[in-house]
Each structure stands twice: as structure tokens, then as C-alpha cells.
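Below is one structure, written out as C-alpha cells; the observations come after it.
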Amino acid sequence: MMKLNIFHRTDPGRYEIFKRQQDLVHSLGMKTSVFLHYFDLFQDHIVADALAYQAAFGDEIGLALNRLEGPGMDDISRGLEHIWLFDEEQKRQLMEMALSKFKDVFGRMPTAVTSYHFDSSALRILKEIAPEVEGIVGGCFEEGVRVFHGCNHSWYLFNEGMPWGPWFPAKGHTLRPAAETEDWSGVVAVPHLARDMSLSFEGRNDFWASHPPNVIRGMGNDASFCPYDLNLIDQYRMQADFNGHTYYNTFVGTQWLTWNHNSEYPPEVAWELYTKQLTYFKQLKEQGELEDLTLTEYARWHKESRPFAEPEVYLAKEMLYQSHKHYFWHIDTDLRVLIDANQGGSIGDLRAYIGRVEKATGPDTPSRENGAYPYLIQSQYRTGYPNHSFDGSRTTLKLVKNGEEVDLCSTPTKVASVERSSAGSRMVLTPAKAVFPDGSTVEVETTYTIEPGGKITIKRSLSGDTEGILATEYFKGAPGCTEYPIDLHGIQLQVMDATGTQEMDYLYRRRRLEVDAPECVAAVVPQVNARVMMSAAKGAKPSSGLAREGNLFEPYFVLELTYDTNTSTEFSTCLIITA
Amino acid sequence: MSDHHRITKRCPVCFSRDIDVLLTQRDGIWACVKCSFNGTEAEIRGMYRDIQKKYHGMIERYTLEDQRKL
Ligand SMILES: [Zn+2]
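For the record, the sequence lines run as chains A and B. Each residue of the first sequence is one higher than the one before, counting from 1 in UniProt numbering. Each residue of the second sequence is one higher than the one before, counting from 1 in UniProt numbering.
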């Protein structure tokens, strides 16, 4: 079953468009959540219409903080539309103004509020002023560096590293799913749109989303022919196979249904594609496959039905380019992990929520505009597989035979099976085939088990010409929030064997710690409040281990565990992230 | 076609780098402020088509059942 939210924002300047959007959804037998801006609250006809929609169709009336203009507000916001980019004092002034006006007009506080992003102080202040708020639109999945570039370096919304589906925002960092009640900010957040879980990792998240005019912006349509819009809905429906349920929303602003500078088509094309998307929702609803809810209704369902710690997965299959690549995503309250099946099962993105990094944005914070949850691996921004000089952040398995190396990132695989439960997820890849220059081949079957508590177990089963093969589990990481490196001083590298621990502070000198018969190799990364540790799982015996620092041309740290396949062709490694 | 003048165009060179930049028109030639591209509307439309050639699946409907097998 798919739970659906349809969101609309009022707009006095394009009010006929908003009304037509509303009429369209109602004519299809569905309801919307209508979000009024502060300035809309001064327009009697807008308020009257909203109340009429609520009475006739069960629509919800909520507050939009997406634009911050209107009587008394302009002197504070001075053209800045984004609540998370003000200092705390101004966040409070602006939200007090909007919320008290909302209460004056409707006789109650809103229970649903939207923004493109809420940082921790904005959400805390919102809940202080209006404890009644239950649901928010709280972030745009993987919006950050790429949209900043795409808008000619002018769109300052950096909120990467967040959940792709609804979540319980933590107090200290709203993009991290809360671990328990004490940790929880008190609202249910939904993402602003559902994004393509392949293409929003590889590129701009805004083009490939549950927003037909944004797909036009990405040139993914042929005039009013755009099967992609429906394909994306079905990809999200497929996730119910693993998670038991799935969530979707659409949130098309009025500016996208008229002449728009990011479209080379007249408005009727946008209308036609928006209508097709909504009509497909209606069809699914009639088939009993979809339920349309208001945001507050969804938030209540989520609170009743979803435990804090429930892991979720997403199996993405790329469709637009017809690469048919598979990406596997796992999220729980301690980790968000992306596994790139096309690169032999390499971890392409890793966020160590277990470090509980705290962050607010605003000019009064050290993070300023960047609200992202920091990564430990980001293979798109930070090189990943080597194409130029060194490789960057990623994981892989390296197979060496007679001095010749095959990197598993060069061997494409697919996701063969996925299982998910409250205890975690288990994902098996199709065998990767490594071919050596002498013609011999080794097949590697990889199984990932990801359990709450920051525990990833990687099991490798090797078959074929395995004689003389040394197999190295390889982790290359670096903390960061954007495509640029940050200061790695403070990282401490560790290797441990039966006799004790060797340690080394990160000084950019490309030094290494090596150890035979290692118990573990590790890095303490204070930038993300986490320790990354690799050790053999029970029964496996690595022959050697390594921890290495980089330099300013290779600003990463490396951890390795090497197995001699003469001992065993099957071995499991624990990658454990702790606070 | 009375609305034709309202259709804006983005630079096909910048767009191929995933950047939205509006072209400006002078005497039938459209030019980019960010890069050196300049060309006619017909050239620009052709370049958009070229950009879309990479989307092999643009006209493909993948149903839920199709995607399960993909
Ligand atoms: Zn250009």
C-alpha cells in the first residue's frame, strides 16, 4: 500500500492556477494539504476558500514557511525566503509572526508546516511556539552541491545525508532519524518530494523527482509524453515488497504550471503531465493500492505504526538511461548506507548517524548555510573509483594474484535478493567475475548484513581459480559535507594485534601502520564523532592489516584487512561504526 | 503561436553540464552569458534533442512488474 500526500501552496499572484490545481485533485476524488504563507493569511478570499476546501473535501490547512514576506515581516526577512538561514532570534521573530497570525485567522495553531528544510533550532523554536505541530515537510533528499552548481551556484539549500522517506527528526540534527523518544524533536517529517534513488545520487536531485514539471526541467519528457513520471511512482511502490509499505508525495508550486524559465514548453505540457500523474494516483486508489492522506493524517499514522528504530531499505533500479544499474540503500537510526551494485557492491555513501553529530544552521552557527549530515564516504564528490590519479572514498575488495590486481569496483553486479526486518537488512549480490591477465577467473559472491548499532558484515565467497589469491577488504574514507575536503587533523589511526595497539595521529604524511594477524584496524574520526573499525568476523583470520593516512593531494584515510585464500575461500568482515 | 515570445531557452552547453542558464536573444541569435555558446533557435532545439539521446528509457514505461524483473 502506498501512502500519498498531495501538497499545494496558495499564491495570490497566481491564484487561478492554485484553484485549478485544487479542482483537478478534487475532481479525481482525492484530497490535498493546502499550505498558506504568512501573506496569504491577510487575504480573506484565500482563507475562505481554504476553509471551504476543508469542509467539502477534507483538505488540511497548514502553514507554508517557504516564503517569508508580508506586513511586518519584510523588515526582518529582507528578501531571504529560507527559515533555516536566519539566526535564532530572527527565526523566532518570523515564526512567531506567522504562527500567531495563523492562530488569529483559524482559531488554532497549524498541525502541518512546510519548508524546504528545518534545521535543529528552527524546528525547536517551531515546536516551542506551536507544540500542536505534528507533521512537517522537512528536507529535500540529497539536495546540496549539485543543485547549487545547477542553479549557477546560487541555490543555498544544503541538506544532504537525510532519509528518503518519512522520519522522526532527531533534536540535535533534524536530518538524522531519532533513536528514541528522548532523542526526538516531536514531529514526523516527510521529504519534499520523492526523489529518484539512482539519479539523485549521481546528479541533480531536482530533475528526477515526483514533480512532473521538474522532469521537464531535466528534459526527461518528449512534450506531454513522459512515462518516467509513472515509472518513478512504480519504483516507490516496489519498495513495499521490502518495507511492507511505501510513501510518496507531490508538491507542485504554481510557478511550474505557467510560463517557467526552466522549461522550453508552454504551460499546457506541464498541466498535462501533472494531470497524468494525479490520474495515475486516482487509478491506484481505485485499485486499493494507494491511500491519499493529509500531512497530519500521515504523521499520525506514522506515529502509531512506525517504531523509532525500524530499518528501511530502498532498491533502486535506474530506468531513464536504461543502464538498469542497481543501488541498494539502507537506513536505520545509526547508519545510512548506499551500496553500488554496479561497482561490485562498493559502499558509495556512508553517514554515521551513530555519531549523533549536532547541527543548526544560520549566521550565528559555525555551519552557516550547510545543514547536511556529514558523510564518511561520498564516492561521487570524493572520487570513489580511480579515474584520474588516486581513488577516493569508497570500499572495495581487491584481489591480487601474482602481483596483478583486480578491483571489485570494476566488476558490475546486481542485487540478487533483499530481506529486511526490525533486526536489519540482508542483501545478496549476483557473483562478481574477476578476470586476471593470465585468463584465470575468480567469482566473488558478496552478502551484506546491516544491523542497528552501526554493524555492517560483509561476507565474501570466492570460487574458481582462487589458488594464490590474496583478498583485501578495503575502506577509504574522509569526513565532509561538500565536494571539497575538510581538515583531517584529529583523526587517529589504529591497528591492533594480540600484543597490543599501535596508534598514529593524522598528519598528511602518507605514513602507514602495518600488522600481521590483526585483531582490528580502525580510525577515530572526531569530525563525525565516530570510530570506524574493521575486524574479521568469527572464524575468519586475516593475514595482515593496515591503516594509512593520506596527504593533501589524497586527503583520505585507508583501512585494510588482507585474507590469504589458501586458508579459506570464504571470509566475513565486520565494519563497525561506533560513537 | 502568439505566446511564442514567452518561451525561454536555456543554454544547451551549460545544460549539458547540468547548469541552468538562460540565453539572451539579439537579432535572431541566442547567446549565453556564462559560456561562449551562441546559435539560432533551430540549432538550440537540435542540441536539446542531442542532450536527450542519452535517455534511452525516456519513452519506456516500466510497470511495477517490469521493475521487479529489472
Ligand atoms: Zn552557456
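C-beta: ideal position from N, C-alpha, C; glycine also. Source: prediction; values computed, not measured.
*Using a Cβ-Cβ cut-off of 8 angstroms, state whether B/V13 counts as contacting chain D.*
Any reference to chain D falls outside this structure, whose protein chains are A and B.
*asked:* Between which two residues does the beta strand (DSSP E) holding A/Y448 run?
replied: For A/Y448, the enclosing beta strand (DSSP E) begins and ends at T441 to E451.
*Report, in whole angstroms, the separation of the C-beta atoms of A/K414 and A/A341, which I expect to be a contact under 8 angstroms.*
Yes, A/K414 and A/A341 are in contact; Cβ-Cβ is about 6 angstroms, under 8 angstroms.
_From the DSSP secondary-structure annotation, give me the bridge partner or partners of A/Y247._
The partner list for A/Y247 (beta bridge, DSSP) reads A/K3.
_At the level of alpha carbons, what is the spacing between B/S36 and A/V337?_
Spanning the two alpha carbons is a distance of roughly 41 angstroms.
*Using a Cβ cut-off of 8 angstroms, pull out every chain A residue sitting near B/R61, in sequence order please.*
P227, L230 and N231, listed in chain order.
*Coil, strand or helix - A/C520 by DSSP*: Correct three-state label for A/C520: strand.
_So the candidates are A/H149, A/E519 and A/F251; which of them puts its Cα closest to the Cα of A/Q502?_
By alpha-carbon distance to A/Q502, the top candidate from A/H149, A/E519 and A/F251 is A/E519.
_Any C-beta of chain A under 8 angstroms from that of B/G57_ = Yes, B/G57 lies at the interface with chain A (some Cβ there is under 8 angstroms from its Cβ).
*Taking just the CA atoms, how far does A/T294 sit from A/R146?*
A/R146 and A/T294: Cα-Cα distance of roughly 31 angstroms.
*Please compile the residues from chain B whose C-beta is within a distance smaller than 9 angstroms of the C-beta of A/K276.*
Annotation: A/K276 has no Cβ neighbours in chain B at a cutoff of 9 angstroms; minimum Cβ distance is about 12 angstroms.
*asked:* Can you give me the C-alpha to C-alpha distance between B/D66 and A/Q322, rounded to a whole angstrom?
replied: About 13 angstroms.
*Is B/L22 close to chain A, meaning its C-beta is less than 8 angstroms from at least one C-beta of that chain?*
Yes, its Cβ sits closer than 8 angstroms to a Cβ of chain A.
_Please identify the residue among A/N159, A/G244, A/G500 and A/V113 whose C-alpha is closest to the C-alpha of A/L85._
It is A/N159 whose Cα lies nearest to the Cα of A/L85.
_Proximity test, Cβ basis, 8 angstroms: B/D3 and chain A_ = Chain A contact via Cβ: present.
_7 angstroms Cβ shell around A/L94 - same chain, five flanking residues per side excluded_ = The answer, listed in chain order, is L68, M73, I76, S77, I83 and F86.
*Determine the chain B residues that contact A/M219 at a beta-carbon separation under 7 angstroms, and present them in chain order.*
Near A/M219 (Cβ distances below 7 angstroms), the residues of chain B are Y48, I51 and Q52.
*So, does the CB of B/D27 fall closer than 8 angstroms to a CB anywhere in chain A?*
Answer no: the Cβ-Cβ gap between B/D27 and chain A never drops below 8 angstroms.
*Residues of chain B with a CB under 9 angstroms from the CB of A/H388: which are they?*
Simply none; closest approach about 18 angstroms.
_Extract the residue ranges of the beta strand (DSSP E) inside the stretch 469-537 of chain A, only unbroken runs of 3 or more that lie entirely within it._
Listed in chain order, the complete beta strand (DSSP E) runs (minimum 3 residues) inside the stretch 469-537 of chain A are 470-477, 492-497, 500-505, 512-516, 520-525 and 530-536.
_Spatial distance of A/I216 from A/L123 (CA atoms)_ = In this model, A/I216 and A/L123 are separated by some 33 angstroms (Cα to Cα).
*Should A/M1 go down as buried or exposed, given a rule of 16 or more other Cβ atoms within 10 Å for buried?*
Exposed: under 16 other Cβ atoms inside 10 Å.
*Using only the heavy atoms of ligand 1, determine whether one of them is closer than 7 angstroms to the beta carbon of B/K34.*
Yes, Cβ of B/K34 sits closer than 7 angstroms to a heavy atom of ligand 1.
*Of all the residues that make up the stretch 237-258 of chain A, which are near chain B by a beta-carbon distance shorter than 9 angstroms?*
Those residues of the stretch 237-258 of chain A that come within reach of chain B (Cβ to Cβ, closer than 9 angstroms) are R237, M238 and D241.
_Contact test: A/C520 Cβ vs ligand 3 heavy atom, cutoff 7 angstroms_ = By its list of ligands, the structure shown excludes ligand 3, since it contains just ligand 1.
*May I ask you to verify whether the stretch 17-31 of chain B touches the stretch 561-572 of chain A, counting CB pairs closer than 8 angstroms and requiring at least 3?*
Short answer: they don't touch.
_Start-to-end residues for the alpha helix (DSSP H) that takes in B/C11_ = Membership of B/C11 in any alpha helix (DSSP H) is not indicated, and neither H nor E is assigned to it by DSSP.
*In the stretch 318-329 of chain A, which residues sit with their C-beta less than 9 angstroms from some C-beta in chain B, listed in chain order?*
Within the stretch 318-329 of chain A, those residues whose Cβ lies closer than 9 angstroms to any Cβ of chain B are, in chain order, E318, M319, L320, Y321, Q322, S323, H324 and H326.
_Would A/P12 and A/Q54 be called neighbours here (beta carbons separated by less than 8 angstroms)?_
It is not a contact, given that the beta carbons lie outside the stated cut-off.
*Quick one: what's got a C-beta closer than 7 angstroms to A/D364's C-beta in the same chain, skipping five residues either side?*
Sequence-distant Cβ neighbours of A/D364 in its own chain, meaning closer than 7 angstroms and more than five residues away, are D87 and E88.
*Cβ of A/C151 within 7 angstroms of any heavy atom in ligand 1?*
Ligand 1 has no heavy atom closer than 7 angstroms to the beta-carbon of A/C151.
*For chain B, is any of its Cβ atoms less than 8 angstroms away from the one on A/G150?*
Interface flag for A/G150 against chain B is set, since a Cβ pair is found closer than 8 angstroms.
*asked:* Tell me whether the stretch 264-272 of chain A and the stretch 410-427 of chain A touch, counting them as touching only if at least three CB pairs, one residue from each stretch, are closer than 8 angstroms.
replied: No, they do not touch.
_Residue range of the beta strand (DSSP E) that includes A/S224_ = Where A/S224 is concerned, there is no enclosing beta strand (DSSP E), given that its DSSP letter is neither H nor E.
*Starting from B/T8, find everything on chain A with Cβ-Cβ shorter than 9 angstroms and list it in chain order.*
Going along chain A in sequence order, the residues near B/T8 (Cβ under 9 angstroms) are W259, N260, H261, N262, S263 and E264.
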